[in-house]
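Per our numbering, the sequence shown runs over residues 11 to 1122.
Just so it is clear, CB atoms sit at the ideal spot from N, CA and C, and this is done for glycine as well.
A quick note: this is a predicted structure, and the numbers were derived from the prediction, not measured.
Working notes, structure below.
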Amino acid sequence: MLNSFTPPSTNIVDRLRHRAEHLGSQVAFTFLVDGEDEEIKLTYEQLDRRCQAIAAELQARGMEGERALLLFPPGLDFIAAFFGCLYAGVVAVPAYPPRRNRNMVRIQAIADDAQAKVALTTAEVYERMVPMLEETPGLKTIDWIRIDQVEEKLAEKWDQPRLTAETMAFLQYTSGSTGTPKGVMLSHGNMMHNSALISYAFEHTRSVRACFWLPMYHDMGLIGGVLQPMQIGQPNVLMSPMAFLQQPYRWLRAISKYQCNISGGPNFAYELCCQKITPEQREKLDLSSWELAFNGAEPVRPETLDRFAKTFEPCGFRREAFYPCYGMAEATLIISGGMKKSPPVIQAVDGYSLDQHQVVDADPDDDGARVIVGCGNTLPDQRILIVDPDTLERKQPDEVGEVWVCGPSIAKGYWRNEEATETIFNAYTSDTNEGPFLRTGDLGFMNNGELFITGRLKDMIIVRGVNRYPQDIEQTVTQCHDLMEGMTAAAVMAEVADRERLIIVAEAPRAKRKELTDIIAAIRREVAIEHEISVDGVALIRRGSIPKTSSGKIQRHACKEHFLTHTLPVLERWVAWDEVQVSEEIQRVKLRRAQLEAARADAEGLAVSDPIVRQRTVQLVIDKIREIARDRARNIEADTDILELDLDSLERMEIIASIEDLYGARFPDDVLPSMRTVAQVADSIEIYLASDDIRPSVPSEIPQEMFGFSALPEYRQVRQIADQLGELGLPNPYFQVLDGPTSATASVEGKEVINFAGYNYLGLAEHEEVKQAAIAAIQAQGTSTSGSRLISGERAIHRELESELAKFLGVESSMLMSGGHAANETTIGHLLRTGDLILHDSMAHSSIITGANLSGARRRPYPHNDWRELDEILHDIRKDYRRVLIVAEGIYGMEGDMCPLPELVEIRNRHKTWLMINEAHSLGTIGQTGRGVREHFGIDPGEVDIWIGTLSKALGSSGGFVAGSHDLIDYLKHTASGFVYSAGLSPSLTAAALTALKLIEANPNWIAKLQQNSDLVRDLAKKAGLNIGGSELSPIVPIIVGDSMMTMILAQKLLADGVNARPLTYPAVEESAARLRLFVNAHHTKDQIRQTINKLAALWSKLQRENHASAG
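Right, dumping it as structure tokens:
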């Protein structure tokens, strides 16, 4: 019997037994099974009894002094097993139960390193693991104890072991290589001391109540969420990490419901709450009891603190509750922390100086300033030094160095790893010979006793509070594909678009485009599966070009900088942040639609087994996955393995949560690991969520976004962009008011400027003969045809222009359309249908994509101008489709480059497809006489099945056309709805285009002048160091900036300086491809061109210098 009321402080077992004796009936832990209301409680007395029974079973097997693996899902069983090991004198080795065979390899590595003789789990987990054990025979040889089958009466046979403060309690395995895991040896004394530090730092008393969702098998969840509450006798509310990740609202709801005083997590958890908790949910929260919100395990971002405090202040949260802290498993848990109820200490320093390991104060608004959040002070019984990691000399207060720590909380070292233990745990300063210290590997500085962490000495990957060694990820990368054998890779973290992102820079052999894209897909998939984190960017570079030191070590920092500045010799590149993301508003609309659809099925009395319901369920799962995975789920089907979509654990939980929200129920935790394919998720929905008494809820009323244009999510997004521009002081760059004609010059908002913002390439829109022809046509035939040509009759001038166009293009026939956009949509949408295939260049105009989508045919883009990839695609799948249409553009409006027409014709003939060329920008601009790309390449016009073009560019009018064989045009004229049910082109526009066409034929020197001007723009731009992309021969010259906001600013400054060139930004193009476009005119003078390039180069150079200074 423990008679003293003063709790023992020697070992954990005595402390827990003391709690059981004095607080026996008090609830120690409450676990929220569903993360919300379903509770399982455990009193100190029950816990003590359960621990004794488990310990007796271990002792009966002779396990005292041995190591025991703990493989449990989140819950009270883990707590009983952990303390049960300590009760038996067994060293606990926490791990997480595997979800697939690859995790078994990692667990096998831990078991081998720990020399585990026994594994504790539940019967349910064990049954799920049995098939996986075949892949890891080493795990089959150890004893397996299913603790839910251990009878409680065994507690009577328990013998309390002889424990001291030096007795090892457990091994905490840190994230590391599966081949060489590192187990931190933590003693009872380490745990007791660190618990005392936490009590001191957090000012703990028995009256406080805590709430934890953090994983129990990691230090913050285990020490903070399990050991600490027991140490001081406080009740603790627990939920699984999955419950939080699925719905962050559950965390704050639990704090509110149970009026908890202490809770926290890594920085990402607070950010996630800001992103995912809705205003309606916030109205239900009362966070006034939350006195201490700790933030640690990853860098603390000041903007996150500001955002969270502002967002949840109406809920009663107080900013001074924030408690940034610092710690690590090697120090048991906490190393430093501040004062409770004191606001976080934030310091602004000069970024450039910090890069040089110097600390120079700065104003937060200064260019290049970095704002850093302090992690508190040194705690009692411990010392923190800042030391030069190379010379091992102590640093001055205004210098950055490695953080060294000593004290009773520091672990004994790494299990069975004397070399690493000696290096990391037994460090001495070279100038004062102080030690031993723990080398944390973190860089930082001290200011007035406050510790500031500035980075890592080694390039640790930290994603959402989880540590990964870059070497492990790099090994996965080099083993993910056969072609990657012998290659070198670097895994780094980089801040892009306000988020830390995982970037892979990897050498790759020269290979076909498809093979390189396959390698990128393999990298994304294998890293996600092996390490449960998503890759955000990949650059495949030439073999032997990855930055290295003279001794051959990878320079990860250099890899990061070169990646961000686009200075790598890239073979292929992919980044996630350029994928178009679906807005939350649109997601909510989709959710409503899904609810209504499900409700309609219910009203029709469809059974769960009905194939229609099954199809809808599968489609619902696919839609939910696509909302999160976006482009990664482009080709998802019912049998797709979700784990191979490069989703991290948080994204998978978001998908599950969105499905549970829809049905108003949740999946049992134990079935989640088995839900790998879309079909398996659909099966689980039918089994667990879609029973007769649990049906998807129907909205009580139709939401406003379904019928009110002002609330239309798509429109709100448009307004949001406009508002953001206004907040930045930038005028809307679109819908500018122009006065008079636009050619080489234009009047913009009343100001005369040099104009590079129109398609009037030959200046014919203001040619006197063209204007007079339009006026004469109006006087003779009126302003409108007033009906369809098929129904109401046509004019002779229509036939004349169609005949002249056909002759000019060298084909049999043509037909006029109301516009180039309509010509593409109508032709593609009419000629193809389900069972057909449309292959288009990835830079194709939106009208081509829209037409393809309307057709019902399968649409597949091929990489820009990559005719080899196109040929390979058709070689593989041509016979799977009825009709196949290849679509390309003569000149691409985005890039200003030309399609490889000869190769496209060869592919068309080889694979028996149709070939369609859009001559919108090449007619009248390319070829000696302006007849477009077929003239430039000397191609027989009959080798192209469909020619499409517009009348609004070089022809100075408006409208579009389709041209080709007599049979094609005859068929379209009689059946294509975009022609049959559309009014004929007005007489004035027809006459203008006809006159312009004749002028082009009579004046080929105009085309030569345009081409000379275009070449001059390109030559001067290149000499000025401007990036013009792939522009060649055409009158379109892009100036690639690589940043949407910088592009907007550059366009506005250029306009103010007398030149009109419009920006093209994300999402119209990738963020890294944001650009201005210069549309050259035959009437531009050499002086106007030189002025423009000089002004553009000067402004761009100035903006770059300002941006560089701002970035530090």
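Over the uninterrupted alpha helix (DSSP H) stretch that includes residue 912, give me the two end residues. 911 to 921
Whole-number beta carbon distance between residue 358 and residue 383, since they are thought to touch under 8 Å: Not a contact, Cβ separation roughly 11 Å.
How big is the Cα-Cα spacing for residue 313 and residue 353? 14 Å
Considering only their Cβ atoms, is the gap separating residue 205 from residue 178 smaller than 8 Å? no
Which residues in the same chain as residue 754 place their Cβ atom closer than 8 Å to its Cβ, once the five residues preceding and following it in sequence are excluded? Hits under 8 Å: 764, 765, 773, 1091, 1093, 1094, 1095, 1098.
Residue 438 in three-state terms, based on DSSP: The answer is coil: DSSP assigns residue 438 none of H, G, I, E or B.
To the nearest angstrom, report how far apart residue 12 and residue 27 are at their CA atoms. Legend: pLDDT at residue 12 = 47, less than 50; position of this residue unreliable, value from coordinates given subsequently. So the two alpha carbons sit approximately 8 Å from each other.
Using a Cβ-Cβ cut-off of 6 Å (strictly less than) and excluding sequence neighbours within five positions of residue 1104, which residues of its own chain qualify? none
Below 6 Å CB to CB, which residues in the same chain sit around residue 513 once its five sequence neighbours on both sides are set aside? If we look at residue 513 and ignore the five residues flanking it on each side, its Cβ neighbours are 502, 504, 547, 573.
Counting only runs of 3+ residues fully inside the segment 313 to 380, write out the beta strand (DSSP E) ranges in chain order. 332 to 337, 344 to 347, 356 to 360
If residue 994 sits next to residue 808, beta carbons under 8 Å apart, how far is it from one beta carbon to the other, in whole angstroms? 6 Å
With DSSP as the reference, label residue 1102 as helix, strand or coil. helix
Quick one: does the C-beta of residue 665 sit closer than 7 Å to a heavy atom of the ligand GDP? No copy of the ligand GDP appears in this structure; indeed no ligand is present at all.
Spatial distance of residue 283 from residue 92 (CA atoms): 31 Å
Residue 871 in three-state terms, based on DSSP: Per DSSP, reduced to three states, the secondary structure at residue 871 is strand.
With a threshold of 7 Å on Cβ separation, who are the neighbours of residue 839 within its own chain once the five nearest residues in sequence on each side are excluded? Sequence-distant Cβ neighbours of residue 839 in its own chain, meaning closer than 7 Å and more than five residues away, are 861, 864, 865.
Where in the segment 758 to 823 do unbroken runs of the alpha helix (DSSP H), each at least 4 residues long, occur, reported from the N-terminal end onward? 778 to 791, 799 to 802, 806 to 819
Is it right to say residue 1123 is buried, meaning 16 or more other beta carbons lie within 10 angstroms of its own, or is it exposed? A query on residue 1123 cannot be resolved here, the shown segment of the chain reaching from 11 to 1122 and no further.
With distance defined between alpha-carbon atoms, name the residue in 1043, 568, 257, 853 nearest to residue 671. Looking at the Cα atoms, 257 is the closest of the given residues.
Contacting residues, own chain, Cβ-Cβ under 6 Å from residue 52 (five flanking each side not counted): If the five residues before and after residue 52 are omitted, its C-beta is found closer than 6 Å to the C-beta atoms of 38, 39, 86, all from its own chain and listed in chain order.
Beta-carbon proximity list for residue 94, same chain, < 6 Å, skipping 5 on both sides: 61, 64, 65
From the DSSP secondary-structure annotation, give me the bridge partner or partners of residue 928. 899, 958
Beta-carbon proximity list for residue 330, same chain, < 8 Å, skipping 5 on both sides: 351, 352, 353
On the three-state DSSP scale, how would you describe residue 154? strand
Can you tell me whether residue 349 is buried or exposed? The criterion is at least 16 other CB atoms within 10 Å of its CB, across all chains shown. By the C-beta density criterion, residue 349 is exposed, having fewer than 16 other C-beta atoms within 10 angstroms.
Take every Cβ of the segment 1032 to 1041, pair it with every Cβ of the segment 892 to 908, and state whether three or more of those distances are shorter than 8 Å. yes
Helix or strand or just coil, what does DSSP make of residue 685? coil
In the DSSP assignment, find the alpha helix (DSSP H) that holds residue 277 and state where it starts and stops. 277 to 286
Suppose the cutoff is 7 Å on Cβ atoms and the five residues either side in sequence are ignored; what does the same chain contact list for residue 791 look like? 805, 997
Since residue 7 is in the alpha helix (DSSP H), which residue starts that stretch and which ends it? As shown, the chain starts at 11 and ends at 1122. That puts residue 7 outside it, with no answer to give.
Comparing C-alpha positions only, which one of 1013, 1005, 1100, 1059 sits nearest to residue 1033? 1100
Per DSSP, cross-strand counterpart(s) of residue 134: For residue 134, which the question treats as bridged, DSSP gives no partner whatsoever.
Sort out for me which residues DSSP pairs residue 197 with in a bridge. 178
Counting along the chain, where does the beta strand (DSSP E) carrying residue 254 start and finish? Looking at the DSSP string, residue 254 is not in any beta strand (DSSP E); the run it does join, the alpha helix (DSSP H), is 251 to 256.
On the CB-based measure, 16 or more other CB atoms within 10 Å of its CB, does residue 760 come out buried or exposed? exposed
Determine the DSSP secondary structure at residue 218, reduced to helix, strand or coil. coil
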